[in-house]
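Student: Quick one: the structure is below, and I'll ask about it shortly.
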Amino acid sequence: MSEDGKVCGGRAVTILDKILKPAGLQVEPVCGTAARIYRQLDSGDMDMGISTVTNPLVNHAHTFLTPAYTELVLVLYSHPEALSGADANSVAAIRGLEYQGQRLLMQQQGYQFIEMPDAISASSFFLHQRAQHLISYEGPFLYYLEQHAPDRSQHIRQQPLMKVDAQLVVSAHSVYKERIIQAVTAFAATHKCRYLTECPPTDAAALLSDHPPL
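Residues in the sequence shown are numbered from 2 upward in steps of one, following our numbering.
Structure representation (structure tokens):
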């Protein structure tokens, strides 16, 4: 469970359970900020996660699996009405994420980043109009928006920045590393899937309708 008492789950857990159960592995979901998850992967306290390729993870020799888990769209969300003063170029973002180089590019263009601990905090900060913009992957923000402010969806501007793959990443220190890699590789080969969320396609449609986005 997360610190606010909410159960960790969703379609990722359902899909991974389907993949790993035949190998005798049980999925135990863990909630946490990006920074905490990175630390747990580095220490081996967490066996695997779902992430875009980032330098901290690559530098620690963790294994990114193919095919990717899913494709994400990185979006810059903005309020239609401009905030005043220094807040006009403010961007709510998750602390420590480089957003595939977009953070540096935007900083060079004059955007000022406001660092938040996680996606929920960044989304809430933005929706309360304490930042002019929000940089976020599309699925998580739209799900949050639907739950907390569905009436605002038509009044927020969005600028897609890029598409990026989210992959399963297995800790270099996991005692289950080889079993996880073999299970995912075998499952993907059997179903010939482009993304794990589409594998097999008939099951993916049901999963997407029954569970919130990752």
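Every residue, glycine too, gets a C-beta built ideally from N, C-alpha and C. Please read all numbers here as calculations on a predicted model, not as lab measurements.
For ASP46, is the beta carbon positioned less than 7 Å from some heavy atom of the ligand MG?
Tutor: Ligands in the displayed structure: none, and consequently the ligand MG is not present.
Student: Taking the Cβ atom as the reference point for each residue, do SER154 and GLY45 lie within a distance shorter than 8 Å?
Tutor: no
Student: In this structure, how does DSSP classify ILE136 when only helix, strand and coil are distinguished?
Tutor: Reduced to three states, the DSSP call for ILE136 is strand.
Student: Throw me the rounded Cβ distance for the LEU150 and LEU128 pair, which I believe falls under 8 Å.
Tutor: Residue identity differs from the one stated: residue 150 is Ala in this sequence, not Leu. That pair is a contact at about 5 Å.
Student: I'd like the list of long-range same chain contacts for GLU116, defined as Cβ closer than 6 Å, with 5 residues on each side in sequence excluded.
Tutor: ARG96
Student: Leaving out five residues before and five after ALA205 in sequence, what residues of the same chain have Cβ atoms less than 6 Å from its Cβ?
Tutor: For ALA205, the predicted model reports a pLDDT of 39, less than 50, meaning its position is unreliable; a value from the coordinates is still stated below. So the list reads THR198, GLU199, once near-sequence residues are dropped.
Student: Can you tell which of TYR145, GLN103, LEU105, GLN108 has the C-alpha that lies nearest to the C-alpha of ALA123?
Tutor: TYR145
Student: Which stretch, first to last residue, makes up the beta strand (DSSP E) that contains ASP43?
Tutor: Element bounds for ASP43: not the beta strand (DSSP E) but the alpha helix (DSSP H), 35-44.
Student: What ranges does the beta strand (DSSP E) occupy inside the segment 95-136, keeping only unbroken runs of at least 3 residues that lie completely in it?
Tutor: 113-117
Student: TYR177: which of LEU42, ARG37, GLN130, GLY86 sits nearest, CA to CA?
Tutor: LEU42
Student: Nearest-angstrom Cα distance between ARG1 and GLN103?
Tutor: Residue 1 is absent from the model: the chain starts at 2 and stops at 215.
Student: Could you tell me which of SER52, PHE188, HIS192, VAL31 sits nearest to THR64, measuring between CA atoms?
Tutor: Comparing alpha carbon positions, the residue from SER52, PHE188, HIS192, VAL31 closest to THR64 is SER52.
Student: Check each candidate in ILE16, ALA24, VAL14, LEU135 and name the one with the smallest Cα separation from GLN183.
Tutor: ALA24
Student: So, is ALA83 buried or exposed, given that buried needs 16 or more other C-beta atoms within 10 angstroms?
Tutor: exposed
Student: Whole-angstrom Cβ separation of ARG158 and TYR78, contact assumed at under 8 Å?
Tutor: That belief holds up - the Cβ atoms of ARG158 and TYR78 are roughly 7 Å apart, short of 8 Å.
Student: In whole angstroms, what separates the C-alpha of GLN109 from that of ALA132?
Tutor: In this model, GLN109 and ALA132 are separated by some 18 Å (Cα to Cα).
Student: In terms of residue numbering, what span does the alpha helix (DSSP H) encompassing THR191 cover?
Tutor: 178-192
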